[in-house]
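Just so we're aligned: the sequence shown equals residues 112 to 250 in our numbering.
The C-beta atom is built at its ideal place from N, Cα and C for all residues, glycine as well.
For reference, the structure is listed below as structure tokens.
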Amino acid sequence: MKSVFVATSLSLALVSVAVVSDARAADDEAFMACFESVAPEGMVGAPILTLKATVATMPEKMAMGMAMVVNASARTNMEAKVAGPWFDMATMSSSSIRWDFAGEKISGSLVAPSWGAPGEVQYKVDDGKMVSQRANVCN
Numbered sequence: 112m113k114s115v116f117v118a119t120s121l122s123l124a125l126v127s128v129a130v131v132s133d134a135r136a137a138d139d140e141a142f143m144a145c146f147e148s149v150a151p152e153g154m155v156g157a158p159i160l161t162l163k164a165t166v167a168t169m170p171e172k173m174a175m176g177m178a179m180v181v182n183a184s185a186r187t188n189m190e191a192k193v194a195g196p197w198f199d200m201a202t203m204s205s206s207s208i209r210w211d212f213a214g215e216k217i218s219g220s221l222v223a224p225s226w227g228a229p230g231e232v233q234y235k236v237d238d239g240k241m242v243s244q245r246a247n248v249c250n
């Protein structure tokens, strides 16, 4: 009888540990990322895009967050919720990520070596012209 009680207690303890481990793994499947575009040198008043997103790795590779565009020359600001899938890309000599994002007034893509490295962003606001800019990591 004593051995049955010990065995049952041990199996319950193992189940508890497994549940805690699964919960901790779920927390590790998402992280925050922030990118801010850089106006080309000599282009005073060029639009600046800031992307702040929560990036999920499981069960799907999705990122969602906010896109803010400040256009000093046009004296307009825009803010929209954005979301979209992200992809790992690799060649024989390098690897990178691509995030295709879209929202109510904006769509575009971000390409970078990783979520924590500078990259390039292409986007358009409303049905305007496509803008291509360097994107630095921000806080």
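With a CB to CB cut of under 7 Å and the five nearest residues on each side skipped, what residues in its chain are close to residue i?
| i | result |
| --- | --- |
| G156 | A183, S184 |
| V236 | V180, M189, K216, I217 |
| G176 | L162, K163, A164, T165, V193 |
| A201 | none |
Determine, using beta carbons only, whether residue i and residue j come nearer to each other than 8 Å.
| i | j | result |
| --- | --- | --- |
| V166 | A194 | no |
| S207 | P224 | yes |
| V222 | Y234 | no |
| T161 | C249 | yes |
| E190 | M203 | no |
| G214 | K192 | yes |
Tell me the DSSP bridge mates of residue i?
| i | result |
| --- | --- |
| N188 | V181 |
| N247 | E147 |
| D237 | For D237, which the question treats as bridged, DSSP gives no partner whatsoever. |
| W197 | W210 |
| A141 | A167 |
| M175 | T165, A194 |
| S218 | A213, K235 |
| A223 | I208 |
| V242 | Y234 |
Tell me which residues share the same chain as residue i and place their Cβ nearer than 6 Å to its Cβ, disregarding the 5 neighbours each side in the sequence.
| i | result |
| --- | --- |
| A78 | Since the first and last residues shown for the chain are 112 and 250, residue 78 lies out of range. |
| M169 | E140 |
| P151 | none |
Looking only at its own chain, which residues have a Cβ that is under 8 Å from the Cβ of residue i, when we skip the five neighbours before and after it?
| i | result |
| --- | --- |
| M143 | K163, A164, T165, V166 |
| E171 | P196 |
| E231 | L221, V222, A223, S243, Q244, R245, A246 |
| C145 | T161, L162, K163, A164, V248, C249, N250 |
| R205 | The identity of residue 205 in the sequence shown is Ser, whereas the question assumes Arg. Excluding sequence neighbours, S205 sits near P224. |
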